[in-house]
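Q:
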Amino acid sequence: MKKILIYGLLLMLAGCGWGQYNIPKEDYQAKVQVLGVLPLLLDSAAYFEYPQKETLFDLVARSAAAQQDMLVARLREEKGYFDVRALPGSTGLTAVSVLAGELPHAEDGRPAGYQFNAQAVKELAERNVVDAILVVVVSGAQVKETRRSRTLLESLETTYNDIVATAAVVDRNGKVLWQLGGDETTRILLLQYADFDEAYYNRTDMVQVKYIGIPGLEKALEGEDGDQPKSYKKLFDRIVSGISPGLLDSL
1 MKKILIYGLL LMLAGCGWGQ YNIPKEDYQA KVQVLGVLPL LLDSAAYFEY PQKETLFDLV
61 ARSAAAQQDM LVARLREEKG YFDVRALPGS TGLTAVSVLA GELPHAEDGR PAGYQFNAQA
121 VKELAERNVV DAILVVVVSG AQVKETRRSR TLLESLETTY NDIVATAAVV DRNGKVLWQL
181 GGDETTRILL LQYADFDEAY YNRTDMVQVK YIGIPGLEKA LEGEDGDQPK SYKKLFDRIV
241 SGISPGLLDS L
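If you're matching positions, the sequence shown starts at 1 in the working numbering and goes up one per residue.
Now the structure itself:
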């Protein structure tokens with residue numbers, strides 16, 4: 001009975017991975033023994049609205065660049081690869097060379113992911129002697145969703161501007177082996193909020209959507225007590241769960 005319970009638990013955990021494989025998972029594990037991890041890339045061409053875009057881009061680029069080592073460490077901890085290597089690059093320049101265009105967005109506006117420059121990916125993979133490259137892209141997006149007030153008593157469905165992240169593992173030929181996007185796109189920064197308090201005190205049903213200022217966004221990206229920001233931790237949890245071997249792989 002105990003063995004049955006343990007086996008059932010393992011089956012349940014094995015199905016908790018995030019993202020979508022475009023080849024059988026067994027083929028992925030045989031194909032990708034050495035994984036290269038690029039710095040988190042910033043797609044500054046993606047459309048969204050914010051009044052201080054350049055300042056925002058600088059803030060997001062600095063924050064994203066500081067996350068690469070943490071992601072590499074998390075993947076190494078799982079011991080799912082022969083090696084996981086941090087690849088050199090910059091959040092902006094590398095994005096220009098590697099990204100070949102966005103895939104069509106989901107109906108609610110969440111990005112599905114990217115097409116990749118096969119030649120640039122091949123050169124990166126060969127130069128760094130890796131089988132495939134993990135590409136995480138941070139971008140602006142306009143997402144339609146319902147958000148609730150702090151009291152949970154009011155709600156407003158509209159299109160909000162966010163900073164979000166998608167991810168993909170791309171082989172040496174530019175083929176996407178695994179991707180995380182669409183409904184699984186991770187929000188990195190909330191750029192707007194619905195001001196329910198103002199509507200309440202002005203006794204109106206018209207709820208204004210306002211932008212969060214740069215100081216507030218800076219604090220959101222600092223994390224708490226020096227820890228990694230929750231949004232990046234959530235993103236990395238999803239990536240690690242998606243592309244690390246399941247508990248049943250060693251059975």
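From the three backbone atoms N, C-alpha and C, an ideal C-beta is built for every residue, glycine too.
Owing to the predicted nature of the structure, the values given are computational and were not obtained by experimental measurement.
Assess contact between the region 149–160 and the region 53–60, defined as three or more Cβ pairs (one per stretch) separated by less than 8 Å. Is contact present?
A: Short answer: they don't touch.
Q: Could you check which residue in 171, 103, 60, 147 has the C-alpha nearest to that of residue 133?
A: Answer by Cα proximity: 171.
Q: May I ask you to verify whether the region 76–84 touches the region 96–107, counting CB pairs closer than 8 Å and requiring at least 3?
A: Not touching, per the Cβ criterion.
Q: Taking 8 Å as the cut-off, does the region 83–93 touch the region 154–161 (at least 3 CB pairs, one atom from each stretch)?
A: Flag = no, the region 154–161 and the region 83–93 do not touch.
Q: Nearest by alpha-carbon distance to residue 87: which of 37, 236, 177 is it?
A: Measuring from the Cα of residue 87, the nearest candidate turns out to be 37.
Q: Below 9 Å between beta carbons: does that hold for residue 136 and residue 165?
A: Their beta carbons are under 9 Å apart, which means residue 136 touches residue 165 by this criterion.
Q: Give the DSSP-derived three-state secondary structure of residue 202 in the structure shown.
A: Coil.
Q: Could you spell out the range, first to last residue, of the beta strand (DSSP E) harbouring residue 43?
A: Taken as a continuous stretch (DSSP letters only), the beta strand (DSSP E) holding residue 43 covers 41–43.
Q: Put residue 100 into one of helix, strand or coil per three-state DSSP.
A: If DSSP states are grouped into helix, strand and coil, residue 100 belongs with the strands.
Q: Taking only three categories from DSSP, how would you classify residue 161?
A: In the structure shown, residue 161 sits in a strand (DSSP, three-state: E or B).
Q: Looking at the unbroken alpha helix (DSSP H) that takes in residue 172, where does it start and where does it end?
A: No alpha helix (DSSP H) contains residue 172, which DSSP labels as neither H nor E.
Q: Over what stretch of residues does the beta strand (DSSP E) that includes residue 186 continue unbroken?
A: 186–190 is the span of the beta strand (DSSP E), which, as asked, contains residue 186.
Q: Under 8 Å, with one C-beta from each stretch per pair, do the region 196–205 and the region 32–47 reach the 3-pair mark?
A: In short, these stretches do not touch, since the Cβ pair count stays below three.
Q: DSSP three-state label for residue 149, please.
A: In this structure, residue 149 counts as coil in the three-state DSSP scheme.
Q: Pull up the distance between the alpha-carbon of residue 217 and that of residue 238, whole angstroms please.
A: About 23 Å.
Q: With 16 other CB atoms within 10 Å as the buried threshold, where does residue 232 fall?
A: The residue in question, residue 232, is buried, as its Cβ has 16 or more Cβ neighbours within 10 Å.
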